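Protein chains in written order, with my numbering: chain A, 86 to 493; chain B, 19 to 170.
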């Protein structure tokens with residue numbers, strides 16, 4: 086593997102060399118979606134220029150080849166995330182659809198009075214599906230508090246478990262605060278304390294370091310492709326095979342059937358069971374290319390170390406700004422810095438930074454319960470990836486000085 | 019003057035820093051909550067009087083500089099208006115903010131409200147500026163809440 090060289094890394098991401106309004110793009114919104122390396126873009130182009138065909142259908146060369154590529158993409162991703170069995174890796178549209186697939190599957194077995202333990206730092210994607218299911222089935226949702234530093238209040242979380250707990254679900258990394266949760270220990274506790282299934286939302290964890298699902302002990306793990314340098318519209322649900330095969334299909338149609346007759350239809354096992362219709366073939370292949378790129382061209386460890394060094398630098402520089410408050414100061418964080426300023430609203434910060442070419446996110450980050458907890462409407466959020474450098478942070482600081490000139 | 023100076027004109031910054039008529043109006047005849055789910059901002063508008071004749075308008079709520087300045091200017095500019103004149107004022111402001119064609123704005127006629135036209139260059143921020151005005155409309159129609167993401 087080549088040595089980690091930030092300039093070479095940046096050159097591999099074509100969009101990073103463009104300008105926004107005559108200013109070089111400073112992309113600090115990777116938490117919303119990550120930029121794509123040329124390797125992924127080229128893979129998609131190659132697929133459509135030379136390989137496009139539907140899978141699992143044709144006897145012709147292109148169809149057989151596309152089927153092979155699609156199956157190999159699943160194998161690549163399974164290996165990259167440490168999934169014990171390839172067929173347990175289900176392609177979905179993204180983390181949101183993955184959670185919905187599980188909540189739909191569990192709706193068959195959960196009964197009135199069953200309890201689900203969640204946390205107040207969940208993204209709406211791992212919150213709303215459970216709320217809807219709870220209303221439909223008469224389930225009780227229990228939410229763990231978050232501490233002032235932006236960590237799950239573990240004593241409180243542990244106290245929420247009972248013999249009625251059927252599911253514990255929590256985010257691996259908070260999208261709004263960057264906190265890395267001790268998911269392995271949490272899973273072990275949940276398993277020890279109850280019969281609960283454990284679902285981990287990995288959408289914000291997978292882009293920041295190597296995740297080994299086998300090591301976590303959970304039952305389901307979900308993430309989105311576009312946040313991990315892959316295409317959008319593709320995501321992963323990993324789940325234990327025996328659980329997934331017991332779920333009713335989420336959607337039905339072609340490809341997921343075993344046999345269809347007027348008297349009834351039988352369904353295939355995973356993964357086809359949950360991949361009705363023509364799937365996002367290029368998306369799956371592109372996502373595998375993203376993992377290949379990270380594994381072979383960058384190296385997860387080097388990427389993580391670099392991102393942490395930029396996070397440290399950014400945290401130091403931002404802390405020097407008077408009237409700026411970083412929300413989420415857990416010792417274990419990925420490169421996400423949420424902040425508020427006494428003088429300016431997050432939206433005004435976002436607009437002014439945009440005129441400096443600096444892209445951040447402003448708002449509630451689809452984590453309104455968390456914002457309510459902090460009694461704020463939203464934050465400004467700079468979110469990093471391994472392709473960010475110190476100059477990006479310097480540009481952010483210059484932009485924030487401009488904010489202060491307007492609002493100070 | 020660059021676009022940012024157009025957006026954050028002195029008049030906008032001044033209204034943001036020292037909003038006029040901020041606080042709950044008691045007693046009031048109408049109130050409504052305006053909500054922008056995209057950013058989580060909420061605005062409460064209180065009206066004494068009614069569509070025929072507004073006696074006073076006040077507002078409370080969290081928001082960005084644009085939404086606060088727009089709310090502040092709204093409370094001043096609709097006071098003692100009523101009937102067709104009131105409707106025309108609201109329509110005029112919404113028009114300069116949202117019309118597809120670049121509007122002609124006469125600062126002498128529009129006064130401070132003309133400053134809102136700078137928001138046009140920042141499409142994601144237009145809803146921040148219209149929120150107070152839509153919330154006023156809702157209050158006058160005794161509609162308790164409106165959202166920038168619903169159809170009316």
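C-beta: ideal position from N, C-alpha, C; glycine also.
Here the structure is a predicted model, which means the values were calculated and not measured.
How should residue i be labelled, buried or exposed, when 16 other C-beta atoms within 10 angstroms of its C-beta is the threshold for buried?
| i | result |
| --- | --- |
| residue 344 (chain A) | exposed |
| residue 94 (chain A) | buried |
| residue 347 (chain A) | exposed |
| residue 44 (chain B) | exposed |
| residue 432 (chain A) | buried |
| residue 197 (chain A) | exposed |
| residue 182 (chain A) | buried |
| residue 112 (chain A) | buried |
| residue 86 (chain A) | exposed |
| residue 220 (chain A) | exposed |
| residue 248 (chain A) | exposed |
| residue 170 (chain B) | For residue 170 (chain B), the pLDDT reaches just 48, beneath the cut-off of 50, and the residue's location in the model is therefore unreliable, although a value from the coordinates is still provided. Classification for residue 170 (chain B): exposed. |
| residue 169 (chain A) | exposed |
Quick test of your reading: residue i and residue j, contact by CB under 8 Å. State the CB separation rounded to the nearest angstrom.
| i | j | result |
| --- | --- | --- |
| residue 235 (chain A) | residue 272 (chain A) | At roughly 21 Å, the Cβ-Cβ gap does not stay under 8 Å, so residue 235 (chain A) and residue 272 (chain A) are not in contact. |
| residue 52 (chain B) | residue 456 (chain A) | Residue 52 (chain B) to residue 456 (chain A), Cβ: 18 Å. No contact. |
| residue 85 (chain B) | residue 147 (chain B) | 7 Å |
| residue 251 (chain A) | residue 195 (chain A) | 6 Å |
| residue 484 (chain A) | residue 441 (chain A) | 4 Å |
| residue 320 (chain A) | residue 308 (chain A) | 6 Å |
| residue 63 (chain B) | residue 77 (chain B) | 5 Å |
| residue 92 (chain B) | residue 130 (chain B) | Not confirmed; about 11 Å, so no contact. |
Along the chain, where does the beta strand (DSSP E) that runs through residue i open and close?
| i | result |
| --- | --- |
| residue 468 (chain A) | 464–468 |
| residue 53 (chain B) | 48–54 |
| residue 164 (chain B) | 163–165 |
| residue 344 (chain A) | 342–346 |
| residue 80 (chain B) | 72–80 |
| residue 251 (chain A) | 250–256 |
| residue 305 (chain A) | 305–309 |
| residue 321 (chain A) | 320–324 |
| residue 59 (chain B) | 59–67 |
Quick one: give me the first and last residue of the alpha helix (DSSP H) that residue i is part of.
| i | result |
| --- | --- |
| residue 398 (chain A) | 385–404 |
| residue 459 (chain A) | 453–459 |
| residue 128 (chain B) | 125–128 |
| residue 430 (chain A) | Looking at the DSSP string, residue 430 (chain A) is not in any alpha helix (DSSP H), and its letter there is neither H nor E. |
| residue 22 (chain B) | 21–25 |
| residue 350 (chain A) | Careful: residue 350 (chain A) lies outside any alpha helix (DSSP H), inside the beta strand (DSSP E) at 349–352. |
| residue 147 (chain A) | 146–165 |
| residue 475 (chain A) | 475–492 |
| residue 298 (chain A) | 298–301 |
| residue 156 (chain B) | 144–158 |
| residue 92 (chain A) | 91–96 |
| residue 272 (chain A) | 268–278 |
| residue 128 (chain A) | 123–131 |
| residue 31 (chain B) | 28–35 |
| residue 134 (chain B) | It is not in any alpha helix (DSSP H) - residue 134 (chain B) carries neither H nor E in the DSSP assignment. |
Closer than 8 Å by C-beta to residue i: which residues in its own chain qualify, once you throw out the five before and the five after it? Chain order, please.
| i | result |
| --- | --- |
| residue 188 (chain A) | 214, 215, 217, 218 |
| residue 330 (chain A) | 354, 355, 358 |
| residue 414 (chain A) | 234, 235 |
| residue 150 (chain A) | 136, 138 |
| residue 334 (chain A) | 341, 352, 358, 359, 361 |
| residue 108 (chain B) | 96, 151, 154, 155 |
Closer than 7 Å: is that where the CB of residue i sits relative to any heavy atom of the ligand ZN?
| i | result |
| --- | --- |
| residue 49 (chain B) | By its list of ligands, the structure shown contains no ligand whatsoever, and the ligand ZN lies outside what it can speak to. |
Leaving out five residues on either side along the sequence, give the residues of the same chain with a beta carbon under 6 Å from the beta carbon of residue i.
| i | result |
| --- | --- |
| residue 258 (chain A) | 265, 289, 290, 419 |
| residue 94 (chain B) | 38 |
| residue 398 (chain A) | 475, 478 |
| residue 30 (chain B) | 87, 133 |
| residue 279 (chain A) | 246, 250 |
Keeping to the same chain, check which residues put their C-beta closer than 7 Å to that of residue i; ignore five residues upstream and five downstream.
| i | result |
| --- | --- |
| residue 141 (chain A) | 152, 340 |
inquiry  = To be precise: take each residue of the stretch 426–453 of chain A, compare its Cβ to all Cβ atoms of chain B, and keep it if any distance is under 8 Å. Which residues remain?
reply    = 429, 430, 431, 432, 433, 436, 437, 440, 447, 448, 449, 453
inquiry  = What are the residues in the stretch 207–231 of chain A lying within 8 Å of chain B by C-beta distance?
reply    = none
query = Using Cβ-Cβ distances below 7 Å, what residues of the stretch 128–158 of chain B are close to chain A?
reply = 140, 143, 146
Residues within the stretch 54–71 of chain B neighbouring chain D, beta-carbon criterion of under 7 Å = The question asks about chain D, but that chain is absent: this structure's protein chains are A and B.
ask   = What residues from the stretch 458–474 of chain A come within 7 Å of chain B, judged by C-beta to C-beta, listed N to C?
value = 462, 463
query = Given a limit of 7 Å on CB to CB distance, which residues of the stretch 79–112 of chain B reach chain A?
reply = 80, 81, 82, 83
key: Interface positions of the stretch 28–49 of chain B facing chain A (Cβ-Cβ less than 9 Å), listed along the chain   = 31, 34, 35
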